Amino acid sequence: MELPLDVEDIMKLLPHRYPFLLVDRVTELEAGKRVVGIKNVTYNEPFFQGHFPGKPIMPGVLIIEAMAQVGGILARMTKLGASNEIKEPGSVFFMAMDKVKFRRPVLPGDQLVFELEVLRSRSRIWKVAGKARVKEDLVAEAELLASIE
Ligand code: BDE
1 MELPLDVEDI MKLLPHRYPF LLVDRVTELE AGKRVVGIKN VTYNEPFFQG
51 HFPGKPIMPG VLIIEAMAQV GGILARMTKL GASNEIKEPG SVFFMAMDKV
101 KFRRPVLPGD QLVFELEVLR SRSRIWKVAG KARVKEDLVA EAELLASIE
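The letter at position 133 of the sequence shown is residue 133 when you use my numbering, and the numbering goes up by one with no holes.
Encoded structure:
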């Protein structure tokens, strides 16, 4: 698969679907090292109906979920290696989140850019550090631990 990855590519790598597929594009990827993914946030998102009525703010937990999905794409692409054979998505267990910070609200019209770096990966266990930005502003950050089949 060639960069940038679009939604069609991403759906081959992740089992997530509407309304829970929260990555639109992957623009940079270094297998086993780092990845950059994008989500365009629009008023036309199911969660804005209730979060909050008359005051649309993206739930912080969904910013972290989107970040984790970008990490899942990195892990799946890394396992894929040079081969082009895409198997059914294996199990991914989200094990821990640490050092989570929400620094600014994410609003309709914002473009979220996620940049993740691998801190360590030992066989199935991946630890990544993620930052979410809107333009130059850091909006959220976290360290994520996952087990990836
Ligand atoms: C959220 C995450 C990180 N930094 C700031 C925020 C934030 O400004 N949240 N604001 C929530 C909010 C909710 C309702 Br209800 C409301 O009427 C208003 Br005035 C708010 O600012």
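Beta carbons: idealized from backbone N, C-alpha and C, even for Gly.
These numbers come from a predicted model, not from an experiment.
Within its own chain, the residues whose Cβ lies closer than 6 Å to the Cβ of K99, once the five positions on either side in sequence are excluded, are E143, listed in chain order. Comparing C-alpha distances from K101 to each of V36, I148, T27 and M67 shows the shortest one belongs to M67. At least one heavy atom of the ligand BDE is found less than 8 Å from the C-beta of P105. Between the alpha carbons of R104 and Q111 lies a gap of roughly 13 Å. Residue state for M95 is assigned as strand, using DSSP reduced to three classes.
Beyond the five residues adjoining it in sequence on each side, E65 comes within less than 7 Å, by CB distance, of L22 in the same chain, given in chain order.
Within the chosen limit of 8 Å, the ligand BDE reaches the beta carbon of K55 through at least one heavy atom.
With a cutoff of 8 Å, F102 counts as near the ligand BDE, since its C-beta is closer than that to a heavy atom of the ligand. Annotated as distal: G37 and T78, with beta-carbon spacing of 9 Å or more. Bridge pairing for Q111: N40 [DSSP]. The three-state reading of DSSP puts K33 in coil, since its state is none of H, G, I, E or B. Membership of V7 in the alpha helix (DSSP H) is indicated by the continuous run V7 to L13. When C-alpha distances from F114 are compared across K12, M1, Y18 and D24, the shortest belongs to D24. In this structure, R76 places its C-beta atom within 9 Å of the C-beta atom of L13.
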